[in-house]
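Numbering (this note's numbering), first residue to last: 205 to 472.
Yeah, the Cβ is synthetic: ideal placement off N, Cα and C, and Gly gets one too.
A short write-up of the structure that comes next.
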């Protein structure tokens with residue numbers, strides 16, 4: 205049975221699309237069949253982060269209009285078998301697709317793939333409704349900032365109202381030094397406010413920007429960075445593995461080097 209997971213937050217700019225790309229790649233690398241769905245009609249970006257922007261011929265809108273079959277719109281990734289992208293239309297507005305049509309598309313994908321990851325747009329309007337309509341579970345992505353956490357709390361309430369009960373938390377762009385200096389909310393602070401299970405913590409790192417610009421998700425690197433390991437571990441937890449969280453609070457470069465080697469040996 206397939207799992208349909210929406211990746212959302214409410215606030216823009218917290219890393220939903222980066223999370224979707226890396227989790228999709230990590231799941232596919234572990235042998236799962238994965239379909240990534242860009243639900244941000246009018247402002248698609250998931251194709252860029254995956255490095256697939258030049259391979260798009262059709263989008264979800266053409267599928268719904270009967271101009272092509274769903275299989276024709278799915279963009280296959282050459283690096284990993286089993287990973288496909290259903291792109292959004294960049295020239296249409298978020299009202300171009302209804303929740304009923306979106307559910308039809310995702311249900312069809314669910315008959316072909318083990319994991320369906322839906323990248324939700326910012327806000328809680330039509331794009332959000334489209335993204336959650338077929339979801340069975342959700343990943344809430346937030347940065348440790350009060351505005352982002354407040355928006356995430358609002359979204360959790362909306363998800364629960366739609367009977368989506370399996371909701372997990374990803375704290376993104378954590379800066380341990382700022383937390384220790386009491387200049388940033390801690391992971392525990394965020395958990396205390398949102399009161400949902402924690403599935404991952406991703407540290408802030410300039411390599412995230414580099415990977416985004418190159419269209420090469422962090423989890424594909426041979427020598428995983430800390431954010432890359434964090435995304436990989438989230439994918440493992442999604443599949444039911446018990447994986448310890450990386451200790452981001454202390455130590456020095458030598459400590460992180462030991463952690464990196466230990467976790468990479470487990471992955472390989």
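Coarse secondary structure for residue 213, derived from DSSP in three states: coil
Distance between residue 215 and residue 169 (C-alpha atoms, nearest Å): This structure cannot settle anything about residue 169, because the visible part of the chain is limited to 205 through 472.
Where residue 251 falls, given that 16 or more other Cβ within 10 Å makes a residue buried: Here residue 251 is buried. Its C-beta has 16 or more other C-beta atoms within 10 Å.
Residue burial classification, residue 415 (beta-carbon count within 10 angstroms, cutoff 16): By the neighbour-count definition (other C-beta atoms within 10 Å, threshold 16), residue 415 is a buried residue.
Near the ligand ADP: residue 301 beta-carbon under 7 angstroms from a heavy atom: The ligand content of the structure shown is nil, which means the ligand ADP is not present either.
Classification of residue 338 by the beta-carbon crowding that lies within 10 angstroms, buried from 16 upward: buried
Beta-carbon proximity of residue 206 to residue 314, cut-off 8 angstroms: yes
Residue(s) in a DSSP beta bridge with residue 289: 240 and 279
Three-state secondary structure (DSSP) of residue 325: coil
Residue 219 versus 399, 377 and 262, residue with shortest Cα-Cα distance: The shortest C-alpha to C-alpha distance from residue 219 to any of 399, 377 and 262 is the one to 377.
DSSP-derived helix/strand/coil call for residue 404: strand
Span of the alpha helix (DSSP H), counted from its first residue to its last, around residue 266: 264–268
Helix, strand or coil at residue 381 according to DSSP, with G and I counted as helix: DSSP places residue 381 in helix when its eight states are reduced to three.
Residue burial classification, residue 381 (beta-carbon count within 10 angstroms, cutoff 16): exposed
Simplified DSSP assignment, three categories, for residue 445: coil
For residue 250, the three-state DSSP class (helix, strand or coil): helix
Backbone CA spacing between residue 323 and residue 388 [nearest angstrom]: Straight across, the Cα-Cα distance linking residue 323 with residue 388 is about 26 angstroms.
Where residue 375 sits in the DSSP three-state scheme: strand
Residues of its chain near residue 364, where Cβ-Cβ distance is below 8 angstroms and the 5 sequence neighbours each way are ignored: 371
Straight-line gap, residue 307 to residue 384 (C-alpha atoms, nearest Å): 44 angstroms
Whether residue 293 touches residue 261 by CB criterion (8 angstroms): Taking 8 angstroms as the Cβ cut-off, residue 293 and residue 261 do not qualify as a contacting pair.
Residue from 432, 405, 424 and 257 whose Cα sits closest to the Cα of residue 348: 405
Rounded straight-line distance, which links the Cα of residue 231 to that of residue 438: Residue 438 and residue 231 have their alpha carbons spaced roughly 10 angstroms apart.
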